[in-house]
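Notes for the one structure printed next.
Structure (C-alpha cells):
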C-alpha cells in the first residue's frame, strides 16, 4: 500500500470516495499485496459457469460429484451478498440457494437452476451492471464497504475477460496520478471506466531466440510462428525500438495471429505458443534446450504501434521475501538447530526441492503441479477414513488460520512504516509490549490509547485506504468473538480456494486446460506452503524441538483448537491484559 500525491485532483475534499477507490485499485493490482487484499479469482458469474462445467464433467464421469457441493456452497454465499448479481436476477435467490445447497436434490434439478441464474448474469451483462453500480455508488457517495465490494468484483471481472494486472495497474496510475488532465470529483469514475474496451485487437510478437529454432522452421509455420533473421514486414518497428540480433547465435521468432485485449496479454499469449514449440522440440533434442530473451517487441497491427514488453513478474515471486541478511541468519539457525528425524527431514527437504523447482520455472502449469505435490507430500496421512483432499484441508487450515491475525497486523505495520515511519513511532510511544504488533493491537482496540489513535487517524489525511484498514483491523481484533468471526470467514474462503486449486491442478493434469485465474491460485498455494514450511522450521529449530513432521502438524492442531476455544470464551471486548494473554498466545 502506497500513498501517492494528489496533484491532479482539483477537489480533494469532495473526492474522498474516488481517492479511496484509486488507492484500493492499486492495492488490488499490486504484485506484493497480502493475498487477503488481492482480487478474488472468481466472481458470481464465473462461479456459476464453473458449477455448470463441473456438472458436465460429472455427467461424463470425469470427476466425483462431491466436487460440486463446495462450488455450490461458495456460489450460494456469493448470491446472497453480491450486489451486481442481486440487481440482475429476477428469480428468487433464497429459493434457488435452498435447492442448490440441498444435498438430496438431484443434480439435474440443480443444473436447471444454474442455467436460469447464468442466463441472467453472463459475464458481459455482469460486467456492464458492475460498471453501472460502481458509477452510481460513487456519485451518491455510498459507504466504503459497498464500493469496496463493487471494485473487487470489477477487477476480478476484467482480469478474467483478458486484461492483465500490469495493464490495469499502469492505466490506473496514469489516470489517477501521472497522466495528463485533472480529476474534478467522484463522477470522474465514468471516464476511468470508459478507458477499457472489451475488443480483441490483432498483435504480432517478436522475440530474440536461440538458433536451434531454425531446425524446426517449417513446423513452426503451422503454429503461426516464423523463424527468420530478417523479418522485413516489421523492419520499421524493429529499427524504431532498436531491437536487433546481438550475435550470430540468435534468430528472430515472430509469432503472428495473436488476438488480445492489450499488449501485456498479447505477450503472455505469444509466450505460451513459443513455450509449446520449445517443449515439443526437447522431446527430440535433449542436449540443447531452446531459449529466448524475455524482452520482446509487441506490435499492435490495428493501430500500427509497437512497444518493448518485458516478462511479467513470475507468480512465484509475488511474495514478500526476507532481506538477504535476515534470510542468511534464518538459514544458519535452521541448519544448526533443526531437530527433525532423518525420515521427516528427507520429506521436508523434498518439499523444499519441489518449491525450488516451482520458483525456477516460468511455466504456470509446472508451478501449480510442483507446489501441489510439495504441499500434499508434507501432510501426514489421516487416521480416519477421509478423502485425501479433505485430510489436506483439515491438516493445513490450523497453520494458515493461526498465523492470520498476526499477518494482517504485520502487513498493516509495514504499510504504516512505508507511509510515515515517524507517525508509526509516535502512535505507539508509551504503549507497553515487547513486539510492535502487540503495541499496535493495543493502540487499535484499547480506550486508554484513544487520543493516540485519534491523532494517527488525523495524520492519515487523504490516505483513506490506510485509515479504513486501521478501522477494520481494530474492529476485527476487538474481542474474542470478533476474532472468531474473522477466522471463520477466512477459514471458509481459504477452504474454497484450496478446493479450487485442487480442481485446477486436476484440469491441468487430466485435461490440459489452464484456467485464466491460474496465476492467482499459484500465488495462493505458494503462500499457504510458505506459511506451513516456515512454521515447521520454527518449531524444529526455535525451542519447541519437534522431531517429526507429524508432531509439528499435531502441535499446531492442538494450539489452534486452544486458541479458538480461548477466543470463543472472550465475548466481551479485550482488556489490555487480554491482548497480552490471548491474541498472540500461539503465534509461531
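Residue numbers (the numbering used here): 81 to 668.
In this text, a Cβ means the ideal position worked out from N, Cα and C, and glycines have one as well.
Among the options, nearest to residue i - alpha-carbon criterion
i: residue 142; options: 654, 590, 640 and 647; result: 590
i: residue 325; options: 287, 357 and 248; result: 287
i: residue 333; options: 276, 373, 88 and 552; result: 373
i: residue 634; options: 569, 456, 461 and 560; result: 461
i: residue 329; options: 322, 319, 289 and 323; result: 289
i: residue 386; options: 425, 282 and 356; result: 282
i: residue 501; options: 465, 571, 539 and 162; result: 539
i: residue 108; options: 100, 118, 231 and 99; result: 118
i: residue 446; options: 167, 599 and 206; result: 599
i: residue 620; options: 136, 216, 421 and 583; result: 421
i: residue 493; options: 513, 470 and 546; result: 546
i: residue 355; options: 343, 371, 342 and 654; result: 371
i: residue 584; options: 88, 147, 89 and 83; result: 147
i: residue 135; options: 271, 188, 530 and 301; result: 188
i: residue 259; options: 495, 640, 593 and 86; result: 86
i: residue 558; options: 520, 573 and 579; result: 520
i: residue 491; options: 167, 516 and 660; result: 516
i: residue 639; options: 182, 298 and 663; result: 663
i: residue 484; options: 553, 463 and 419; result: 553
i: residue 253; options: 171, 103, 429 and 140; result: 103
i: residue 596; options: 240, 233, 203 and 84; result: 240
Expected contact under 8 Å - CB spacing of residue i and residue j to nearest Å
i: residue 523; j: residue 509; result: With a Cβ gap of about 10 Å, residue 523 and residue 509 do not count as contacting.
i: residue 431; j: residue 566; result: That belief does not hold up - the Cβ atoms of residue 431 and residue 566 are roughly 29 Å apart, past 8 Å.
i: residue 235; j: residue 105; result: 7 Å
i: residue 194; j: residue 128; result: 6 Å
i: residue 115; j: residue 607; result: 5 Å
i: residue 218; j: residue 101; result: 7 Å
i: residue 669; j: residue 215; result: This structure leaves residue 669 out entirely; the chain is present only between 81 and 668.
i: residue 213; j: residue 163; result: 6 Å
Proximity below 7 Å, CB of residue i to CB of residue j
i: residue 656; j: residue 526; result: yes
i: residue 345; j: residue 443; result: no
i: residue 296; j: residue 361; result: yes
i: residue 321; j: residue 377; result: yes
i: residue 221; j: residue 95; result: no
i: residue 453; j: residue 439; result: no
i: residue 159; j: residue 173; result: yes
i: residue 424; j: residue 628; result: yes
i: residue 121; j: residue 155; result: no
i: residue 561; j: residue 506; result: no
i: residue 353; j: residue 335; result: yes
i: residue 227; j: residue 542; result: no
i: residue 317; j: residue 389; result: no
i: residue 478; j: residue 636; result: yes
i: residue 331; j: residue 357; result: no
i: residue 601; j: residue 588; result: no
i: residue 603; j: residue 395; result: yes
i: residue 263; j: residue 82; result: no
i: residue 201; j: residue 165; result: yes
i: residue 669; j: residue 469; result: The structure shown does not extend to residue 669, since the chain is modelled only from 81 through 668, so no value can be given for it.
i: residue 183; j: residue 548; result: no
DSSP three-state assignment for residue i, whether helix, strand or coil
i: residue 403; result: Because residue 403 carries a pLDDT of 48, less than 50, the predicted location of this residue cannot be relied on, and no value is offered for it.
i: residue 98; result: helix
i: residue 408; result: Confidence is the limiting factor: at residue 408 the pLDDT is only 49, short of 50, which leaves the residue's position unreliable and the question unanswerable from this model.
i: residue 285; result: strand
i: residue 456; result: helix
i: residue 648; result: helix
i: residue 369; result: coil
i: residue 570; result: helix
i: residue 591; result: helix
i: residue 351; result: helix
i: residue 337; result: strand
i: residue 179; result: helix
i: residue 553; result: helix
i: residue 201; result: coil
i: residue 609; result: helix
i: residue 275; result: coil
i: residue 435; result: helix
i: residue 461; result: coil
i: residue 222; result: coil
i: residue 634; result: helix
i: residue 397; result: helix
DSSP bridge partner residues for residue i (one or two, in chain order)
i: residue 653; result: 559
i: residue 332; result: 288 and 308
i: residue 376; result: 389
i: residue 89; result: 263
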